[in-house]
Amino acid sequence: MKQNFFKKCTAVLCSAIMLGSVISYTPIYAESTNLVSNSTFDNGTIGWTTYYQTGGVCSLGTDDGRLALKISSTGDVTWAVQVYYDIIPLYKNGVYRLKYDISSTANRTVDGMIQQNGGTYQAYTAKTLSLTTEPQTIDYEFTMEADTDIMARLQFNCGNYEENLPEHTIYIDNVSLELIDDSKVDKNSGKAYEPSIITNQVGYLTDARKTVVFKNADNFDNFTVVNAETKKPVYTGTLSPTMHYSLADENNRTGDFSAVTKPGKYYITCGDLDDSYTFEISDNVYNNVLNDTLKMFYLQRCGTSINDDIFGHKACHDSLASVYGTNEKIDVGGGWHDAGDYGRYVVPGAKAAADLMYAYLNKPEMFSDNVGIPESGNSIPDVLDEVRYELEWMMKMQDKSGGVHHKVTCAAFPGYVMPDEETAELIVTPITSTATADFCGAMALAYEVYFDKDKAFAENCLKAAKNAWK
Ligand SMILES: [Ca+2]
Ligand SMILES: [Ca+2]
């Protein structure tokens with residue numbers, strides 16, 4: 005079990021890396037391991053982020069090997085200025101030791117806490133601190149009494165405590181959080197359910213090859229496909245020999261049930277493993293996949309409010325961006341967020357736009373005008389409306405010289421916040437030949453794609469491509 009749990013932690017680490025985060029995440033088993041990876045600030049502020057609102061103004065840097073939070077306005081409320089570190093894993097009933105050095109150039113109050121990042125924002129541990137210029141070492145133990153939260157946040161609220169402060173700086177150094185006693189930790193708490201019988205939950209076409217994957221099925225030889233409505237078995241198959249999948253450190257076996265071709269809803273059983281999720285066999289199962297995929301691009305739109313029950317948010321990243329190394333500020337609103345972070349990158353953006361345009365050129369009849377984006381129903385295929393949103397942003401990234409800026413991001417990754425909560429300064433990085441070349445190709449292609457739909461826009465694309473070419 006220990007081994008399995010360790011893997012789960014590694015999986016969280018991997019997902020953090022995939023989201024573009026540079027925060028490293030340390031599994032809990034190594035006792036006396038510091039769960040805060042950037043704790044001494046010898047190499048900058050990586051992993052630490054500020055958030056400010058309701059009048060709070062601050063900037064983050066380092067000074068003499070310490071984290072330095074310069075606060076020019078404390079805003080209206082205690083949380084109007086924050087500095088925080090994600091991701092802190094806290095396991096229910098674990099005993100932790102939290103330690104840090106903290107001081108301030110102005111005498112003031114600060115709340116230091118580890119809290120839920122979302123939901124009720126409950127504090128798992130909190131201390132109200134009276135800071136002076138004299139560094140004090142906070143060093144105490146606490147037990148995680150709430151349910152396991154592997155995504156907690158170490159946070160310092162440095163906003164308005166009604167102390168009427170001038171500009172000042174808070175220094176933090178030697179931050180350490182250790183799990184010092186895990187004897188009462190339920191290693192499975194907080195673990196997401198992972199089925200042992202893995203099917204394609206979107207479904208299978210009737211005549212397709214149909215494969216199922218089994219985890220930890222060493223003791224079984226057969227599996228059964230069951231009709232989900234009648235509960236009657238319709239097919240029994242044989243498991244393949246065990247294969248070790250090194251990336252997940254799993255023993256996997258597979259089963260083939262291509263022989264089941266009758267449309268319907270089914271699930272799969274095998275020994276005492278949990279039944280698979282119910283899936284569908286039908287020739288319609290993939291009908292919505294294309295629209296859903298395209299809708300993902302809409303949900304990544306930047307600089308506009310997004311209407312969606314789950315992913316909706318207010319307009320984000322709508323301030324001017326500073327051109328790196330200059331005093332110039334430019335409007336680069338729009339485009340798609342790249343991934344789990346909210347950077348916007350010309351190179352992958354041009355590639356995605358080009359892929360969608362090629363797909364459209366190959367089979368225009370596949371693309372509908374009812375994906376569910378604001379431009380649905382305007383008689384233009386939604387794929388072209390969506391790509392245009394990116395192309396129009398890319399045009400803003402082109403300099404007068406024709407060269408194209410590589411990307412626009414904030415100086416650091418924002419952590420796990422909604423797009424409109426990333427309010428740090430936007431920075432446009434210099435022109436690169438890679439971005440300029442990719443831009444040029446995508447714009448030239450756009451000229452062909454949009455020529456029949458909107459000639460004026462197509463001509464703009466061609467002009468932008470030519471400017472990038474020279
Ligand atoms: Ca230091
Ligand atoms: Ca449309």
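Numbering (the numbering used here), first residue to last: 5 to 474.
The C-beta atom is built at its ideal place from N, Cα and C for all residues, glycine as well.
Only a predicted model underlies this, so the values are computations on that prediction, with no experimental measurement involved.
Can you tell me which residues form a DSSP beta bridge with Tyr349?
Lys411
For Ile184, the residue or residues it bridges with in DSSP
None; Ile184 has no bridge partner.
If you measure from each CB to the nearest heavy atom of ligand 2 and keep those under 5 angstroms, what residues do you get, in chain order?
Asp373, Glu379, Asn382, Ile384, Asp386, Asp389
Assigned exposure category for Arg213 - 16 Cβ within 10 Å defines buried:
exposed
Just list the alpha helix (DSSP H) runs in the region 369 to 444, keeping only unbroken ones of 4 residues or longer that don't cross its boundaries, in chain order.
386 to 400
For Ser63 and Lys188, what's the separation of their Cα atoms in angstroms?
40 angstroms
Between Gly65 and ligand 1, is there a pair consisting of the residue's CB and a ligand heavy atom that are separated by less than 6 angstroms?
no
Locate the beta strand (DSSP E) running through Cys62, then write down its first and last residues.
60 to 67
Residues near Thr203 in its chain [Cβ-Cβ closer than 7 angstroms; skip 5 each side]
Val216, Ile272, Ser280, Tyr281, Phe283
Find the nearest neighbour of Lys474 within the set Gly406, Gly419, Phe371, judged by alpha-carbon distance.
Gly406
Taking 6 angstroms as the line, does the beta carbon of Phe224 fall inside it for any heavy atom of ligand 1?
no
Given a cut-off of 7 angstroms, decide if Tyr451 and Leu466 are closer than it, judged by their beta-carbon atoms.
yes
Ligand 1 and Thr44: does the residue's C-beta get closer than 6 angstroms to at least one heavy atom of that ligand?
yes
Measuring only from the beta carbon, is Gly51 closer than 6 angstroms to any heavy atom that is part of ligand 1?
no
Short of 7 angstroms in beta carbon distance, which residues of its chain neighbour Glu254, apart from the five on each side in sequence? Order them along the chain.
Lys219
Would the region 319 to 332 and the region 364 to 373 be scored as touching if the rule is three or more Cβ pairs under 8 angstroms?
no
Helix, strand or coil for Asp359, going by three-state DSSP, please let me know.
helix
Would you decide whether Ala150 is buried or exposed? Buried here means 16 or more other CB atoms lie within 10 Å of its CB.
exposed
Collapsed DSSP secondary structure at Glu284 in the structure displayed:
strand
Excluding the 5 residues flanking Ala15 on each side, which residues of the same chain have their C-beta closer than 6 angstroms to its C-beta?
Confidence at Ala15 is low in this model, with a pLDDT of 34, below 50, so its placement is unreliable and no value can be given for it.
Sorted by chain position, which residues of the same chain lie with C-beta nearer than 7 angstroms to Asn223's C-beta, five sequence neighbours on each side aside?
Gly275
beta-carbon Asp177 near ligand 1 non-hydrogen atom, thresh 6 angstroms
yes
Have a look at Val475 and Ser262 and give me their C-alpha separation to the nearest angstrom.
Residue 475 is absent from the structure shown; the chain starts at 5 and stops at 474.
For Gly307, verify whether its CB is less than 6 angstroms away from any heavy atom of ligand 1.
no
Does the beta carbon of Gly207 fall short of 6 angstroms from some heavy atom of ligand 1?
no
Leaving aside the five residues before and after Ser107 along the sequence, list all residues of the same chain whose C-beta is less than 8 angstroms from its C-beta, in chain order.
Leu135, Thr136, Thr137, Glu138, Pro139, Gln140, Ile174, Tyr175
Kindly provide the ranges of any alpha helix (DSSP H) runs that are 4 or more residues long and lie completely inside the region 200 to 279, ordered along the chain.
none
Can you check the region 311 to 338 for any beta strand (DSSP E) of at least 3 residues that lies completely inside it and give the ranges in chain order?
325 to 327
Is any heavy atom of ligand 1 found at a distance shorter than 6 angstroms from the C-beta of Gly69?
yes
Grab the span of the alpha helix (DSSP H) containing Lys299 for me, first residue to last.
293 to 303
Burial state of Glu233, where buried means 16 or more other Cβ atoms lie within 10 Å
exposed
For ligand 4, is there a heavy atom less than 6 angstroms away from the beta-carbon of Tyr175?
With respect to ligand 4, the structure shown offers nothing to examine, as its ligands consist of ligand 1 and ligand 2.
By the 10 Å Cβ neighbour count, where 16 or more other Cβ atoms means buried, how is Gln205 classified, buried or exposed?
exposed
Check for me: the alpha helix (DSSP H) holding Ala150 runs from which residue to which?
Note, Ala150: premise wrong, no alpha helix (DSSP H); not H, not E.
Close-in-space but distant-in-sequence residues of the same chain around Ile475 (CB under 7 angstroms, 5 per side omitted):
Outside the modelled stretch of the chain, which goes from 5 to 474, sits residue 475, for which no answer is possible.
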